[in-house]
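The sequence shown runs -13 to 320 under my numbering. Cβ coordinates follow ideal geometry from the N, Cα and C atoms, glycine included. Note that the coordinates shown come from a computational prediction; the quantities given were computed from them, not determined experimentally. Written below as structure tokens is the structure these notes are about.
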Amino acid sequence: MKEIFTQISNRQDLSEEQVEALFDKILKNEVSESQIAAFLIGLKTKGETAAEITGIVRALKKHATLLPDSFEDAMCNCGTGGDQSFSFNISTTACFILAAGGIRMAKAGNRSVSSKSGSADVLEALGINVSAAPENLSRALDEVGLAFIFAQTMHPAMRYIGPARKALGIPTVMNIVGPLANPLDLESQLMGLYRKDLQEMAAQTMKKLGRKRAIIITGPDNMDEAALYGINTYTLLEDGQISQHNFTYEDLDMPKVELADIVGGDAKENADILLSVLQNQASPYLETTVLNAGLGFFANGKTNTIKEGVALARKLLADGSALAKLRHLQEVQI
């Protein structure tokens, strides 16, 4: 630890191997809470790198609970959270549409931290067992093409980092790591990120982790979702190349929806919103969901443009395919 602290205090970046070895010890409960806190705050002060984040992710994946089957074509659309927008569960609602479009969705998520309802909370309110056993998750991915990958279940060793994070009480590298540490080796990814200045680093990390195609999106007001007001900024990883882009609701010929119109509530309220969208009831919630589902289809490469993705999302809501995915998951993820 002394060598690592010396490097960080001298503002020298750590290697991927150094960080992976350190986190391997952390996840074995061999590092004290004060040392973990010092490392996290030191890294934040110095500024994290893609290699350092990759080292953390590789250690987490090594200690994760594994599924009995591998799914090399899986995608996730989990965001970092922490944007303080208090919106409804946008990515969770969108994942049913993406699954209905033929994408195998390994939707990572957790309970609420800074909002009233996290993805685990809203799915639980819909009667889905968010703590399903690995074999049930494999069955869901195989039969439904969709499974909820609960962070607390799949990364049990994260409990050794929790006290230090809570004591610090500020965002650290761990806020970025969550969506990147899916136990499955994802082929594609849509990641919401509340800081657009970190998009390039997240893309570089995804490249190191072997993603074939990915989008990191930051909405207006630093939302970790795309929104139908203001400017949405995203970084695209495609065939190893990284590029920056932006768009507005006007570019997609979609209606303007203010943030106030998509604020959510508790788990029960957000479950009702999710159902209303999957039942194709016109609302600002539906418009925001089809935007993010459309972006997901584009991130996966299922469509050539975001606009084509939005059109596909509307079709899958209109014909009941997305709602059918929810009903099927309710039966299988038990």
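Practice prompt. Answer with buried or exposed for residue 290, where buried requires no fewer than 16 other C-beta atoms within 10 angstroms of its C-beta.
Written response: Here the question's residue 290 lines up with position 304 in the sequence shown. Here residue 290 is exposed: its Cβ has fewer than 16 other Cβ atoms, across all protein chains shown, within 10 Å.
Worksheet item: Would you call the CB atoms of residue 234 and residue 218 closer than 8 Å?
Response: Taking the first residue of the sequence shown as position 1, residue 234 is located at position 248. Taking the first residue of the sequence shown as position 1, residue 218 is located at position 232. Their beta carbons are under 8 Å apart, which means residue 234 touches residue 218 by this criterion.
Worksheet item: Can you name the residues that DSSP bridges to residue 220?
Response: Translated into the one-based positions of the sequence shown, residue 220 becomes position 234. According to DSSP, residue 220 bridges with 203, 231.
Fill in: Nearest neighbour of residue 227, chosen from 198, 20, 273, 52 [CA to CA]
Taking the first residue of the sequence shown as 1, we reach residue 227 at position 241. Ranking 198, 20, 273, 52 by Cα distance to residue 227 puts 198 first.
Discussion item. Can you list, in chain order, the residues of its chain with a C-beta nearer than 7 Å to that of residue 271? Leave out the 5 residues immediately preceding and following it.
Written reply: In the sequence shown, counting from the first residue as 1, residue 271 sits at position 285. Around residue 271, the same chain offers 74, 248, 259, 262, 263 as residues with beta carbons nearer than 7 Å, after the five sequence neighbours per side are excluded.
Fill in: Entirely enclosed alpha helix (DSSP H) segments - the stretch 94 to 149, minimum 4 residues
Fully enclosed alpha helix (DSSP H) runs of 4 or longer: 105 to 111, 120 to 129, 137 to 140.
Discussion item. Using the three-state DSSP reduction, which class does residue 212 fall into: helix, strand or coil?
Written reply: By one-based count along the sequence shown, residue 212 stands at place 226. Judged by DSSP in its simplified three-state form, residue 212 adopts coil rather than helix or strand.
Worksheet item: Where does residue 174 sit, in a helix, a strand or coil, going by DSSP?
Response: Translated into the one-based positions of the sequence shown, residue 174 becomes position 188. In the structure shown, residue 174 falls within a strand segment according to DSSP collapsed to helix, strand and coil.
Worksheet item: Within 10 angstroms of its Cβ, does residue -9 collect 16 or more other Cβ (buried), or is it exposed?
Response: Residue mapping note: residue -9 aligns to position 5 of the sequence shown, counting from 1. Counting Cβ neighbours within 10 Å, residue -9 comes out exposed, since fewer than 16 surround it.
Worksheet entry | Any 3 or more C-beta pairs closer than 8 Å across the stretch 77 to 94 and the stretch 301 to 312 | In this structure the stretch 77 to 94 lies against the stretch 301 to 312, because at least three pairs of beta carbons, one per stretch, are closer than 8 Å.
Worksheet item: To the nearest angstrom, how far is it from the Cα of residue 189 to the Cα of residue 229?
Response: Mapped onto the sequence shown, residue 189 falls at position 203. Mapped onto the sequence shown, residue 229 falls at position 243. Here the alpha carbon of residue 189 sits roughly 9 Å from the alpha carbon of residue 229.
Worksheet item: residue 141: buried (16+ other C-beta within 10 angstroms of its C-beta) or exposed?
Response: Reading the sequence shown from its first residue, position 155 is the one you call residue 141. Residue 141 is classed as buried because its beta carbon has at least 16 other beta carbons within 10 Å across all chains shown.
Worksheet item: Can you check whether the CB of residue 179 is closer than 8 Å to the CB of residue 66?
Response: Within the sequence shown, the letter at position 80 stands for residue 66. Within the sequence shown, the letter at position 193 stands for residue 179. Here residue 66 is near residue 179, since their CB atoms are less than 8 Å apart.
Worksheet item: Just to confirm, are residue 62 and residue 168 a CB contact at a threshold of 8 Å?
Response: Residue 62 sits at position 76 when you count from the first residue of the sequence shown. Residue 168 sits at position 182 when you count from the first residue of the sequence shown. A contact, by the Cβ cut-off of 8 Å.
Practice prompt. Going by DSSP, name the residue or residues bridged to residue 92.
Written response: Within the sequence shown, numbered from 1, the residue matching residue 92 stands at position 106. Answer is 133, bridged to residue 92.
Worksheet item: With contact counted as at least three CB pairs below 8 Å, one residue from each stretch, are the stretch 107 to 119 and the stretch 14 to 30 in contact?
Response: Fewer than three beta-carbon pairs drawn from the stretch 107 to 119 and the stretch 14 to 30 are found closer than 8 Å, and the two stretches are therefore not classed as touching.
Item to complete: Go through its chain and collect everything with a Cβ distance to residue 153's Cβ below 8 Å, but skip five positions before and after it.
Response: What you label residue 153 is simply residue 167 of the sequence shown in a count that begins at 1. By the criterion of a C-beta distance shorter than 8 Å, residue 153 is surrounded in its chain by 19, 23, once the five residues flanking it on both sides are discounted.
Practice prompt. Whole angstroms is fine: what's the gap from residue 254's alpha carbon to residue 51's?
Written response: Taking the first residue of the sequence shown as 1, we reach residue 254 at position 268. Taking the first residue of the sequence shown as 1, we reach residue 51 at position 65. Taken atom to atom, the span from the alpha-carbon of residue 254 to that of residue 51 is near 29 Å.
Worksheet item: Roughly how many angstroms lie between the CA atoms of residue 128 and residue 266, to the nearest whole one?
Response: Residue mapping note: residue 128 aligns to position 142 of the sequence shown, counting from 1. Residue mapping note: residue 266 aligns to position 280 of the sequence shown, counting from 1. Linking residue 128 to residue 266 through their CA atoms gives a straight-line distance of about 26 Å.
Discussion item. If you follow the alpha helix (DSSP H) that residue 2 is in, where does it begin and where does it stop?
Written reply: Taking the first residue of the sequence shown as 1, we reach residue 2 at position 16. Where residue 2 is concerned, the enclosing alpha helix (DSSP H) starts and stops at 2 to 12.
Item to complete: Round the Cβ separation of residue 280 and residue 295 to the nearest angstrom and send it over; I've been treating them as touching at under 8 Å.
Response: Locating residue 280 in the sequence shown gives position 294, where the first residue counts as 1. Locating residue 295 in the sequence shown gives position 309, where the first residue counts as 1. Indeed, because the Cβ distance is near 3 Å, the residues count as touching under 8 Å.
Worksheet entry | Reduced DSSP category for residue 56 - H, G, I as helix; E, B as strand; rest coil | Taking the first residue of the sequence shown as 1, we reach residue 56 at position 70. When secondary structure is reduced to three states using DSSP, residue 56 falls in the coil class, being assigned neither helix nor strand.
Worksheet entry | Cβ neighbour criterion (16 or more within 10 Å) applied to residue 100 | Position 114 of the sequence shown, counting from 1, holds the residue named residue 100. Residue confidence is low: residue 100 scores 47 on pLDDT, short of 50, so the model does not pin down where it sits. Its coordinate-derived value is still stated next. By the neighbour-count rule (16 or more Cβ atoms within 10 Å), residue 100 is not buried but exposed.
Discussion item. Measuring only the C-alpha atoms, how far is residue 43 from residue 26?
Written reply: For this step, residue 43 is matched to residue 57 along the sequence shown. For this step, residue 26 is matched to residue 40 along the sequence shown. Residue 43 and residue 26 have their alpha carbons spaced roughly 14 Å apart.
Discussion item. For a test of the three-state rule: what should DSSP assign to residue 81, helix, strand or coil?
Written reply: The count along the sequence shown starts at 1 and reaches residue 81 at position 95. DSSP places residue 81 in helix when its eight states are reduced to three.
Worksheet item: When DSSP labels each residue in this structure, what does residue 249 get in the three-state scheme?
Response: Here residue 249 is taken as the residue at index 263 of the sequence shown, counted from 1. Under the three-state reduction of DSSP output, residue 249 falls in the strand class.
Discussion item. For residue 215 and residue 201, which I take to be in contact (beta-carbon distance under 8 Å), what is that distance rounded to the nearest angstrom?
Written reply: Taking the first residue of the sequence shown as position 1, residue 215 is located at position 229. Taking the first residue of the sequence shown as position 1, residue 201 is located at position 215. About 19 Å; that fails the 8 Å criterion.
Worksheet item: Is it true that the CB of residue 82 sits closer than 8 Å to the CB of residue 132?
Response: In the sequence shown, residue 132 corresponds to position 146, counting from 1. In the sequence shown, residue 82 corresponds to position 96, counting from 1. Residue 82 sits close to residue 132, with the two beta carbons spaced by under 8 Å.
Worksheet item: When we look at the beta-carbon of residue -13 and count the other beta-carbons within 10 Å, is it buried (16 or more) or exposed?
Response: What you label residue -13 is simply residue 1 of the sequence shown in a count that begins at 1. Counting the other CB atoms within 10 Å of its CB gives residue -13 a total below 16, which places it among the exposed residues.
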